[in-house]
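> Shown below is the structure under consideration.
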């Protein structure tokens, strides 16, 4: 029952909308792993197939039978607007779903911040996969590098519709001895907007604590940007220099406008100058991403640093802050920079990201990871992937290792959720899921696959195990926030926000999990606002 991967971007056809879909790719920000020199050069030949048409190339086995439909999600084109929407149905009669792995969680964090301020989030900023992946799962973990995959599901209240979960896990972050040293270049927004409470002050406090927790053989550099960019601390080995690092953090002060492009460019230049052999080299961008000076487009910003990004394998980790936040720009920067995003709004969030997740998940266990799920047309009439709208990959590019996938480190779990309509009375094989990735050092490809049978589906999502219930709750919540009235979504069996709030509250009470308590509170806030 294992396997997971990436989803292919194909042409969408007219909206025959049966109901919306949206998933969540999250997980704690475990996207803090870069890669060493040996894994960087192949990026020169990377092909981006996420906007091309595709023909089916199943993995590992071609589905049996004919018929059925496949859903293709929409494409985000910028903040506040969509070229497509994951509520549309593509009537292509294939039974494959292919996408790049994604461990971003910023969308969920920003939605919680917005709701706490008495506002419903802009539906364009709600990415269900990031809601889902914001919660840890108890999937079985592999012994070594690579992935384990778990496939399960349960039926909904809508006739013949089920939710099927594909879960991916890497090895435990604590299971392989000491991590490699890290060389981290922090690119810190000190524009005027960062002077508001909960922005630069929050980042300074967390960076100070992180400095004390990093190892002596780790190195850090600081680049600040407002109307211009400046390297305020070149790459510095911590060792006996922690006082110097603390002084640099204390000296950060907000000033002018936001030239994010200059900041990223100078940050990469500083990272290359301070680059160390055999360590994880990474750029960490801390910003509200409200660029208003110089380059403001993610593609052009990162094209200027393409050589450093591709040749040296320096990945980008985006940390969003602020009640006004450039969500779309930060997401695009992370996607183009082979990295990940998260969002922090409290001191606890910031300490978790900088002090726990970043140091703990600094290494990389898989490059260019993709997943492909093949649904059996003898048992499946149609299916829809929830979310991952911007991470789809053409089906035939699943085994094309030049095509960009996702970078994943140890300690990650990733979840993809599907709405699946089974044929009446159908019994037998339901789906095969396969994950493919490259070894971060040797770049050798590896695959794992697993199956799920229709009789393995539980009778009710709400009577399923904790993990599936958490996934369903987060996905239904995101789906409701993306719906027109902000109350009831259109995934199969979608409850109203009031009922969903009660279910989340009960789940939090039984598990005594603070993350689920916060989820329940966010749903209750959305219910009041809707």
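Residue numbers (the numbering used here): 651 to 1180.
Just so it is clear, CB atoms sit at the ideal spot from N, CA and C, and this is done for glycine as well.
#1: How is the beta strand (DSSP E) around residue 1018 delimited, first residue to last?
#2: Around the Cβ of residue 923, are there at least 16 other Cβ atoms within 10 angstroms (buried) or fewer (exposed)?
#3: Does residue 937 come out as helix, strand or coil in the three-state DSSP assignment?
#4: Skipping 5 residues on each side, what residues in its chain have a beta carbon closer than 8 Å to that of residue 759?
#5: Quick one: is residue 822 buried, meaning 16 or more other Cβ sit within 10 Å of its Cβ, or exposed?
#6: Applying the criterion that 16 or more other CB atoms from any shown protein chain within 10 Å of the CB defines a buried residue, is residue 1084 buried or exposed?
#7: Does the distance from the CB of residue 1179 to the CB of residue 770 come in under 8 Å?
#8: Grab the span of the beta strand (DSSP E) containing residue 885 for me, first residue to last.
#9: Between the C-alpha atoms of residue 844 and residue 850, what's the straight-line distance to the nearest angstrom?
#10: So the candidates are 1149, 883, 1105 and 797; which of them puts its Cα closest to the Cα of residue 1029?
#11: For residue 775 and residue 1102, I'd like the C-alpha separation in whole angstroms.
#12: Quick one: complete beta strand (DSSP E) runs, 3+ long, within the stretch 943-1016?
#13: Do you know offhand how far residue 963's Cα is from residue 927's?
#14: State the DSSP-derived secondary structure class of residue 859, mapped to helix, strand or coil.
#15: Please classify residue 1180: does DSSP put it in a helix, a strand, or coil?
#16: Quick one: any contact between the stretch 902-910 and the stretch 829-841, if contact means 3 or more CB pairs under 8 Å?
#17: Quick check: the Cα distance between residue 934 and residue 871, rounded to an integer number of angstroms?
#18: May I have the straight-line CA-CA distance separating residue 794 from residue 1012, to the nearest angstrom?
#19: Kindly indicate the opening and closing residues of the alpha helix (DSSP H) around residue 895.
#20: So, with DSSP's three-state summary, where would you put residue 787?
#21: With DSSP as the reference, label residue 778 as helix, strand or coil.
#22: Would residue 883 and residue 864 be called neighbours here (beta carbons separated by less than 8 Å)?
#23: Is there contact here, the stretch 938-957 with the stretch 911-919, by at least three beta-carbon pairs under 8 Å?
#24: Looking at the structure shown, is residue 1144 part of a helix, part of a strand, or coil, going by DSSP?
#25: So what does DSSP say about residue 765, is it helix, strand or coil?
#26: Cβ of residue 837 within 7 Å of any heavy atom in the ligand MG?
#27: Could you give the distance in angstroms between the alpha-carbon of residue 1100 and the alpha-carbon of residue 990?
#28: Look at the Cβ atom of residue 806, then the Cβ atom of residue 813, and state whether they are nearer than 8 Å.
#29: Would you identify the three-state DSSP class for residue 834, choosing helix, strand or coil?
#30: Hey, quick one: how far does the alpha helix (DSSP H) through residue 922 stretch, first residue to last?
#31: Identify, in the order they occur along the chain, each residue of the same chain with its Cβ nearer than 6 Å to the Cβ of residue 917, setting aside the five sequence neighbours on each side.
#32: If you run the structure through DSSP and keep just helix, strand and coil, what is residue 1153?
#33: May I have the straight-line CA-CA distance separating residue 1033 from residue 915, to the nearest angstrom?
#34: Of all the options 1047, 1003 and 939, which has the alpha carbon lying nearest to the alpha carbon of residue 974?
#35: Would DSSP call residue 723 helix, strand or coil?
Here's the rundown:
#1: 1016-1025
#2: exposed
#3: strand
#4: 784, 970, 992, 993, 994, 995 and 999
#5: exposed
#6: buried
#7: yes
#8: 879-887
#9: 5 Å
#10: 1105
#11: 33 Å
#12: 965-970 and 990-993
#13: 12 Å
#14: helix
#15: coil
#16: yes
#17: 10 Å
#18: 16 Å
#19: 892-900
#20: coil
#21: helix
#22: no
#23: yes
#24: coil
#25: helix
#26: By its list of ligands, the structure shown contains no ligand whatsoever, and the ligand MG lies outside what it can speak to.
#27: 27 Å
#28: yes
#29: strand
#30: 910-923
#31: 835, 837, 873 and 933
#32: helix
#33: 42 Å
#34: 939
#35: Residue confidence is low: residue 723 scores 35 on pLDDT, short of 50, so the model does not pin down where it sits. No coordinate-derived value is stated.
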